[in-house]
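First comes the structure, then the notes that go with it.
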Amino acid sequence: MTSPTTVPGLLQSLAADAGRPRLTWYGPGGERIELSGHVLDNWVTKTANLLAEEFGAGPSHRVQVDLPPHWRTVVWALAVWRVGAHLVLGEDDSADLVVTDRPQSHTGAVELVAVALPALARSFDGTLPPGAVDAASAVMTYGDMLTWMPEAVPSAPAVTVGEGSPVPHGELLAWARPAAGSPGRRVLVEVAGAGTAEVLRAVLGVYADDGSVVLWATDPDEPADQAAARRDRVVESERVTG
């Protein structure tokens, strides 16, 4: 099978193997979420439709994603790239849109989306600044099929991490996948101590090799030996191979 070279092609390849687990999240408090290729593509499609229809996001649009490493962060990043926009990870006073779980820290944003991280959240738990969009309810109102969607410009910036140079859309998958791995692996990606950019790059690289991801977040209140034992059980039960 030919490896995808763009995010839209990557999403097509994930959706083609519809029932295969592609993103499994283990969060604090025993939270576990599993998204098949079809379900992951569905989440990204709804979110991309919201970005394009509600905010006019597309090439040259700067979207600051201020979220911790999390399965929802993966969805938002893929949606930003799907509409050809520029994902900014870090401070950005010139962002056209801010997506965050800390809306009170971005009250000066031009446009603001508040993201609730708990799996079963139906609305954001807290006071929203005036004009902010609650992602928990808004995303679900958008269609499962892509409407008109902007196409990424290969030379346009796809992601900027901190003060680094932007990575263009045409080089995004090469940035995430600097060397070919073993296709189809089930890979454990640990988020403890990792930055959002590091986790997104790892996840995107696994997907570029037709793999699937187990995102593992430790519970800060869990003793280290218990966390290690639970991690070992997850590696075995999830059939992790990388």
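Per this note's numbering, the sequence shown starts with residue 487, numbered consecutively. Here a beta-carbon is modelled for each residue, glycine too, at the ideal position from N, C-alpha and C. This structure is a prediction, so every number in the text was calculated from the model and none was measured.
Item, Value
"Pro-654, DSSP secondary structure in three states", "strand"
"Own chain partners of Pro-654 with C-beta closer than 7 Å, once the 5 adjacent residues on each side are dropped", "Pro-640, Ser-641, Ala-642, Pro-643 and Ala-644"
"Simplified DSSP state of Asp-711, which is helix, strand or coil", "helix"
"Host alpha helix (DSSP H) of Thr-559 (start-end)", "557-568"
"First and last residue of the uninterrupted beta strand (DSSP E) at Leu-632", "Unbroken run through Leu-632: none, as it is neither H nor E."
"Cutoff 8 Å; reference Ala-581; Cβ partners in own chain excluding five residues on either side", "Arg-548, Val-549, Gln-550, Val-574, Ala-595 and Val-596"
"Rounded separation between Trp-511 and Asp-552 - CA only", "19 Å"
"Beta carbon of Trp-702 nearer than 8 Å to that of Arg-717", "yes"
"Whole-angstrom C-beta distance between Ala-607 and Ala-618, which should lie under 8 Å", "The Cβ separation is near 15 Å, so there is no contact."
"Residues near Thr-704 by beta carbon distance below 7 Å, same chain, minus five either side", "Ala-678 and Ala-713"
"Nearest-angstrom Cα separation, counted from Val-530 out to Val-720", "26 Å"
"C-alpha gap between Asn-528 and Gly-495, whole angstroms", "15 Å"
"Length of the line joining the Cα atoms of Arg-663 and Ala-502", "21 Å"
"Cβ shell of Tyr-628 (< 6 Å), same chain only, five flanking positions each side left out", "Lys-532, Asn-535 and Leu-536"
"Alpha-carbon spacing of Glu-637 relative to Pro-554, whole angstroms", "27 Å"
"Enclosing alpha helix (DSSP H) for Thr-586 [first to last residue]", "Thr-586 -> not in any alpha helix (DSSP H); beta strand (DSSP E) instead, spanning 583-586."
"Candidates Pro-709, Gly-697 and Glu-708: closest to Gly-728 by CA position", "Gly-697"
"Close-in-space but distant-in-sequence residues of the same chain around Gly-691 (CB under 6 Å, 5 per side omitted)", "Ala-662 and Arg-663"
"DSSP three-state assignment for Val-507, whether helix, strand or coil", "Note that residue 507 corresponds to Pro in the displayed sequence, not to Val. Three-state result, Pro-507: strand."
"Continuous alpha helix (DSSP H) stretch holding Leu-536: start and end", "523-541"
"Alpha-carbon spacing of Leu-526 relative to Leu-509, whole angstroms", "7 Å"
"Residue range of the unbroken alpha helix (DSSP H) whose run includes Arg-687", "682-694"
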